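Just below is one structure, and these are the notes that go with it.
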């Protein structure tokens, strides 16, 4: 179970980044009436919000892979998911999230802003900020459209494939107790996935 504990700690740290990026400014808006944020502050908040969301999705996908290996290849679990492999996966998904979200910042810094500077949200969101520009934002719109496809949608597809393979393996098990035990190990992860991906 050690790899899952590492993944859960990564998920907790990422959620801490997510809440730390958005909640303080939101609280200052509601409690103190501080309705302004600097442009660099807005870009920083936007980067960390989007980065941690994409990283959360990638961690959930990695957890689905962990469950797949644990159920479909239990005897090889410790040789496949070694601590070194988990570190490589963690660095890989962190780098992926960073590389996918960083262009958002550069796409916004190139834009001139001459209209109202009021964001219709309590946090800085890429398209919400881009719509305030007085230049063509079609690149921002297309990139904003591609990011969910490259990240969240592909992660959901891979999670669905993992759980389809898990279900196929579970229903091939001979005893009902073995099936229930195998499905029981996935129950909490499925609940977390549903809470994360459903509005």
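Numbering (our numbering), first residue to last: 42 to 240. Backbone N, C-alpha and C define an ideal beta-carbon position, used for all residues, glycine too. Computed from a prediction, not measured in an experiment: that's the story for all the values here.
Cβ-heavy atom distance, residue i to the ligand HEM, below 7 Å
{"i": "residue 205", "result": "This structure simply doesn't include the ligand HEM, nor any ligand for that matter."}
Backbone CA spacing between residue i and residue j [nearest angstrom]
{"i": "residue 22", "j": "residue 176", "result": "Since the first residue of the chain shown is 42 and the last is 240, residue 22 is not available in this structure."}
{"i": "residue 158", "j": "residue 173", "result": "6 Å"}
{"i": "residue 167", "j": "residue 215", "result": "51 Å"}
{"i": "residue 195", "j": "residue 188", "result": "10 Å"}
{"i": "residue 68", "j": "residue 146", "result": "24 Å"}
{"i": "residue 117", "j": "residue 201", "result": "22 Å"}
{"i": "residue 191", "j": "residue 77", "result": "32 Å"}
DSSP three-state assignment for residue i, whether helix, strand or coil
{"i": "residue 239", "result": "coil"}
{"i": "residue 155", "result": "coil"}
{"i": "residue 227", "result": "helix"}
{"i": "residue 162", "result": "coil"}
{"i": "residue 173", "result": "coil"}
{"i": "residue 74", "result": "coil"}
Nonlocal neighbours in the same chain, by C-beta distance under 6 Å from residue i, ignoring five residues either side
{"i": "residue 45", "result": "107"}
{"i": "residue 59", "result": "93"}
{"i": "residue 181", "result": "148 and 171"}
{"i": "residue 63", "result": "90 and 164"}
Among the options, the one whose alpha carbon lies nearest that of residue i
{"i": "residue 91", "options": "204, 160, 182 and 141", "result": "141"}
{"i": "residue 88", "options": "205, 217, 150 and 238", "result": "150"}
{"i": "residue 155", "options": "137, 163 and 170", "result": "170"}
Own chain partners of residue i with C-beta closer than 7 Å, once the 5 adjacent residues on each side are dropped
{"i": "residue 162", "result": "169"}
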